[in-house]
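Student: Letter by letter, the sequence shown follows residues 7 to 321 of my numbering. Using N, Cα and C, we set each Cβ at its ideal position, and we do this for glycine too. Quick caveat, the model's predicted, so the values are computed rather than measured. Take this structure first; my questions come after.
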Amino acid sequence: MGTAPFALVMLLLAAAPSAPEQLSSQEPQPMAEESFQTLLLEGTLAELEQGCVEAAAFGLSDRQQQLRDRLLSFNTTPQTMDEVLTNARVLLICRSPDGARTVLSRYLPGFGAERERWLRLSWQAADAALDHPRAARALRRLVNGDLMALEQLELVEAPDASAEPGEPITVNGLDQLAHHEAAAGDRLAAAEVLLSGRTTGAVAARRLGLAAELLEEADLDRADQLLELALDQAAADEAWGLAVDLLRVQLRLQLAAGGDGERPRQRLERLTARLDDQYSSWQLQGGGEPGPSLRSPREPGGHADVGEPTDAPTP
7 MGTAPFALVM LLLAAAPSAP EQLSSQEPQP MAEESFQTLL LEGTLAELEQ
57 GCVEAAAFGL SDRQQQLRDR LLSFNTTPQT MDEVLTNARV LLICRSPDGA
107 RTVLSRYLPG FGAERERWLR LSWQAADAAL DHPRAARALR RLVNGDLMAL
157 EQLELVEAPD ASAEPGEPIT VNGLDQLAHH EAAAGDRLAA AEVLLSGRTT
207 GAVAARRLGL AAELLEEADL DRADQLLELA LDQAAADEAW GLAVDLLRVQ
257 LRLQLAAGGD GERPRQRLER LTARLDDQYS SWQLQGGGEP GPSLRSPREP
307 GGHADVGEPT DAPTP
């Protein structure tokens with residue numbers, strides 16, 4: 007048999023994947039059990055954090071629990087605030103908000119920036135654990151009860167080992183406090199928090215609308231007044247999609263109270279007609295099956311999805 011032409015040999019070599027390419031094509035695997043046990047015994051906080059991320063990625067709940075146990079025993083007598091906060095943060099990444107709270111309790115903060123960092127992480131732990139009363143207390147302590155200061159505060163939600171890399175999720179302090187108060191069952195406190203806000207426009211309209219819904223059982227007249235104020239704020243900001251939502255709430259509350267809901271119904275009909283919102287018009291008319299041309303305002307192409315109309319309808 008003759009020798010293969012050199013060009014053919016080179017072509018075959020070029021087509022064959024290199025060793026690194028062969029390795030990269032293999033499915034990723036978690037670390038071996040022996041390496042994992044070494045990590046538990048000798049790993050630093052940073053290495054344990056990566057272990058938590060890997061365990062979450064592969065759905066290894068048993069390893070996650072072992073990592074949580076190790077993190078709780080990592081440094082039971084911390085000497086600095088940084089040690090405590092780092093340990094608690096890694097426990098949050100490992101999905102153990104209760105463990106993070108235990109670690110935070112090992113160190114009492116001083117004043118100023120140290121206290122703020124400790125309270126922010128305490129809120130993250132309570133929020134992640136859905137411990138709404140504790141989360142609300144942490145937020146009130148963070149601003150010493152000053153709700154106007156809380157409105158200016160942006161909070162970062164607790165990290166998650168399974169979250170995609172990207173920008174952290176931020177929430178407004180005032181809105182978050184209202185959420186915790188409502189979730190804890192104190193609807194009146196939640197409404198008062200929302201009403202303490204000083205921001206105007208669409209943000210104010212949304213808060214007033216939420217406050218109205220929170221107060222509907224306790225004070226229906228006040229709820230209706232708040233919805234009127236909310237509609238004014240939405241109109242001032244030309245937030246017509248939000249105005250439609252507010253009118254729907256007003257209509258629902260008036261009907262629930264035994265009224266005919268005629269005024270909000272008429273306003274809603276006028277506004278949806280100006281917005282060419284056939285979906286809402288169909289809902290108001292109590293029609294049957296929606297036609298193919300009807301769409302929710304929240305769907306692509308709906309009035310809440312695109313820019314606002316140039317003409318300013320009056321809600």
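Going by DSSP, what residue range makes up the beta strand (DSSP E) through valine 177?
Tutor: If you number the sequence shown from 1, residue 177 lands on position 171. Start and end: 176-178.
Student: Which residues in the same chain as glutamine 28 place their Cβ atom closer than 6 Å to its Cβ, once the five residues preceding and following it in sequence are excluded?
Tutor: One-based indexing of the sequence shown puts residue 28 at position 22. Any reading at glutamine 28 must be qualified, since the residue scores a pLDDT of 49, below 50, and its modelled position is unreliable; no value is offered.
Student: Quick check: the Cα distance between alanine 155 and alanine 249, rounded to an integer number of angstroms?
Tutor: Walking along the sequence shown from the start, residue 155 turns up at place 149. Walking along the sequence shown from the start, residue 249 turns up at place 243. Between alanine 155 and alanine 249, the C-alpha separation is close to 28 Å.
Student: Decide yes or no for the touch test of the region 142-149 against the region 97-108: beta carbon pairs closer than 8 Å, at least 3 of them.
Tutor: Counting Cβ pairs under 8 Å, fewer than three are found: no touch.
Student: If you follow the beta strand (DSSP E) that leucine 161 is part of, which residue opens it and which one closes it?
Tutor: Mapped onto the sequence shown, residue 161 falls at position 155. Element bounds for leucine 161: 160-162.
Student: Looking at the structure shown, is serine 102 part of a helix, part of a strand, or coil, going by DSSP?
Tutor: In the sequence shown, the residue the question calls residue 102 occupies position 96. Coil, per DSSP.
Student: Could you say which of Gly207, Pro139, Ala195 and Ala63 lies nearest to glutamate 219 if we only look at CA atoms?
Tutor: Mapped onto the sequence shown, residue 219 falls at position 213. Looking at the Cα atoms, Ala195 is the closest of the given residues.
Student: Under 8 Å, do glutamine 56 and arginine 101 count as touching if we go by C-beta distance?
Tutor: Within the sequence shown, residue 56 is the residue found at index 50, counting from 1. Within the sequence shown, residue 101 is the residue found at index 95, counting from 1. Going by C-beta atoms, glutamine 56 is not nearer than 8 Å to arginine 101.
Student: From this set, Leu51, Val255, Ala132 and Leu261, which residue's C-alpha is nearest glutamate 89's C-alpha?
Tutor: Sequence index remark: in the sequence shown, residue 89 carries index 83 (1-based). Measuring from the Cα of glutamate 89, the nearest candidate turns out to be Leu51.
Student: Assuming leucine 259 contacts leucine 216 under a Cβ cut-off of 8 Å, what Cβ separation, rounded to an integer in Å, is found between them?
Tutor: Translated into positions along the sequence shown, residue 259 becomes position 253. Translated into positions along the sequence shown, residue 216 becomes position 210. Not a contact, Cβ separation roughly 13 Å.
Student: To the nearest whole angstrom, what separates the beta carbons of alanine 245 and alanine 208, a pair I think is in contact under 8 Å?
Tutor: As a position in the sequence shown, residue 245 is number 239, starting the count at 1. As a position in the sequence shown, residue 208 is number 202, starting the count at 1. Indeed they touch by this definition, with Cβ atoms about 4 Å apart.
Student: Do you know how far the Cα of leucine 252 is from the Cα of leucine 277?
Tutor: Taking the first residue of the sequence shown as position 1, residue 277 is located at position 271. Taking the first residue of the sequence shown as position 1, residue 252 is located at position 246. Rounded to whole angstroms, leucine 277 to leucine 252 spans 12 Å at the Cα level.
Student: Hey, is aspartate 192's beta-carbon within less than 8 Å of any beta-carbon in chain D?
Tutor: Chain labels in this structure do not include chain D; a single protein chain is all it has.
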